[in-house]
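*Asks:* Pasting in a structure now, in structure tokens, and then I'll have a few things to ask.
In our numbering, the protein residues as written are 44 to 245.
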């Protein structure tokens with residue numbers, strides 16, 4: 044099958060019928076089964092070659108393959124890094140918002156439990172504890188201890204979530220490829236999701 048590529052812009056071509064002004068075109072014989080959409084035409088001397096699809100408009104052909112010019116490569120890496128860091132921060136914020144949705148209530152309950160335990164489980168017992176104990180089917184002392192265990196667990200999860208979020212600085216290590224940055228970000232998100240699951244199961 045014959046394809047006619049416009050000399051002025053080889054990304055434009057005609058297949059059928061053959062153009063009248065053939066002098067403006069470069070003719071190339073291709074396999075009829077070939078899908079032109081999967082290739083990019085390049086000019087080598089006065090001939091057209093079909094090579095693998097250009098990955099992005101920023102890539103240039105170096106004679107053997109598509110490469111990014113150094114300046115473009117730095118810009119692309121920076122853009123990708125910033126995007127991945129933003130995704131990490133947003134994911135952490137989403138989890139934090141779930142954990143802190145009733146933070147004031149948690150804090151009040153924790154404070155009441157700490158005070159009741161400090162009084163050796165004697166004296167007035169806050170409704171934060173008694174109401175919780177009633178609904179959980181526990182006595183006040185057991186409810187107090189459970190509240191403190193849950194509070195300590197949440198605090199531990201929050202510290203670990205903060206640690207995972209700070210891992211975003213691993214993406215700023217010089218010399219990382221886009222694939223390596225993506226791999227680091229994937230692991231951070233995975234660890235954050237594991238913390239969220241631990242919270243849900245706790």
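Note that CB positions come from ideal geometry on N, CA and C, so glycine has one too.
Short check: CB of residue 46 to CB of residue 81, under 9 Å?
*Replies:* no
*Asks:* With a cut-off of 8 Å, do at least 3 Cβ pairs link the region 150-165 to the region 94-113?
*Replies:* no
*Asks:* By DSSP, does residue 220 sit in helix, in strand, or in coil?
*Replies:* coil
*Asks:* Return the CA-CA distance between residue 52 and residue 98, expressed in angstroms with no decimal places.
*Replies:* The alpha-carbon of residue 52 is positioned some 19 Å away from that of residue 98.
*Asks:* Indicate whether the contact test is met: 3 or more Cβ pairs, each with one atom in the region 174-187 and one in the region 204-214, closer than 8 Å.
*Replies:* no
*Asks:* Counting only runs of 4+ residues fully inside the region 98-177, write out the alpha helix (DSSP H) ranges in chain order.
*Replies:* 113-142, 146-161
*Asks:* What is the rounded straight-line gap between the Cα of residue 105 and the Cα of residue 84?
*Replies:* 14 Å
*Asks:* What number of angstroms, rounded off, separates the C-alpha of residue 114 from the C-alpha of residue 230?
*Replies:* 29 Å
*Asks:* Based on the DSSP secondary-structure assignment, which residues constitute the bridge partners of residue 85?
*Replies:* Partner(s): 92.
*Asks:* If contacts are defined as beta-carbon pairs under 8 Å, then residue 132 and residue 208 qualify, I think. What distance do you get, rounded to the angstrom?
*Replies:* 7 Å
*Asks:* Check this for me: beta carbons of residue 205 and residue 135, under 9 Å apart or not?
*Replies:* yes
*Asks:* Find the nearest neighbour of residue 176 within the set 198, 152, 199, 241, judged by alpha-carbon distance.
*Replies:* When each option's Cα is compared against that of residue 176, the closest is 152.
*Asks:* Since residue 239 and residue 138 are thought to touch, with beta carbons under 8 Å apart, how far apart are those beta carbons, to the nearest angstrom?
*Replies:* 5 Å
*Asks:* How long is the line joining the alpha carbons of residue 146 and residue 198, rounded to whole angstroms?
*Replies:* 11 Å
*Asks:* Check residue 50 in the structure and name its three-state DSSP category.
*Replies:* Coil, per DSSP.
*Asks:* Among 234, 59, 223, 173, whose alpha-carbon lies nearest the alpha-carbon of residue 201?
*Replies:* 234
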